[in-house]
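This report concerns only the one structure given below.
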Amino acid sequence: MDYYYSAVFCSDLDIVKSSVNSIIEELEEVFPTKEAALETRIILNELLINGILHGNHCLRAKCIRLSVETIGGALFISVKDEGEGIEDCNEPNDELCTYGRGLAIVKRLTDSVVIEKNSIKVKKHFI
2 MDYYYSAVFC
12 SDLDIVKSSV
22 NSIIEELEEV
32 FPTKEAALET
42 RIILNELLIN
52 GILHGNHCLR
62 AKCIRLSVET
72 IGGALFISVK
82 DEGEGIEDCN
92 EPNDELCTYG
102 RGLAIVKRLT
112 DSVVIEKNSI
122 KVKKHFI
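In our numbering, the protein residues as written are 2 to 128.
This is the structure we're talking about:
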């Protein structure tokens with residue numbers, strides 16, 4: 002089953018939970034395991050929360066654009082905020098780094114991550 006979801010919403014952390022829950026419910030048939038569903042939930046949460054907190058600084062007037070698509074056994078997620086762009090921590094393995102942990106989690110759970118200014122696209126294969 003192929004799936005496509007696209008939404009634009011204000012920077013409100015309360016919306017993240019309901020949006021992610023809806024997406025995971027709709028994708029239930031696509032996930033081969035409960036672990037795949039949990040990993041997708043974590044990826045979505047981290048990307049959306051990062052966009053709201055760090056990109057849009059929780060300003061409700063700024064929007065987050067989200068798209069989620071499955072094609073065959075692959076999941077594609079794109080998140081774009083209205084911020085200046087993503088800064089990488091100079092020391093990606095530095096446990097004392099105060100930012101970048103969410104993206105590090107996403108990188109570990111996905112097959113590819115492409116960051117372009119204030120947009121991030123990830124791909125994950127289920128099979």
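Here a beta-carbon is modelled for each residue, glycine too, at the ideal position from N, C-alpha and C.
Measure the alpha-carbon distance for residue i versus residue j and round it to whole angstroms.
i: GLU29; j: GLU85; result: 34 Å
i: ALA8; j: LEU67; result: 5 Å
i: VAL114; j: HIS126; result: 13 Å
i: VAL107; j: LEU49; result: 11 Å
i: CYS64; j: PRO33; result: 32 Å
i: GLU27; j: ILE44; result: 16 Å
i: GLY56; j: ASN119; result: 7 Å
i: LEU39; j: TYR6; result: 18 Å
i: ALA75; j: ARG61; result: 32 Å
i: ILE87; j: ILE116; result: 7 Å
i: GLY52; j: ARG42; result: 15 Å
Quick check on this structure: which residue in the options has the alpha carbon closest to the alpha carbon of residue i?
i: HIS58; options: THR34, ASP112, SER23 and SER12; result: SER12
i: VAL17; options: ALA75, GLU47, LYS124 and LYS81; result: GLU47
i: SER79; options: VAL123, GLY52, ASN51 and GLU117; result: VAL123
Any heavy atom of the ligand COA inside 7 Å of the beta-carbon of residue i?
i: GLU85; result: As far as ligands go, the structure on display features none, and thus does not contain the ligand COA.
Taking its Cβ as the centre, do 16 or more other Cβ atoms sit within 10 Å of residue i, making it buried, or is it exposed?
i: ASP3; result: exposed
i: ASN91; result: Unreliable positioning characterises ASN91 in this predicted model, as indicated by a pLDDT of 47, which lies under 50. The coordinate reading is nonetheless provided below. ASN91 is exposed by the Cβ-count criterion.
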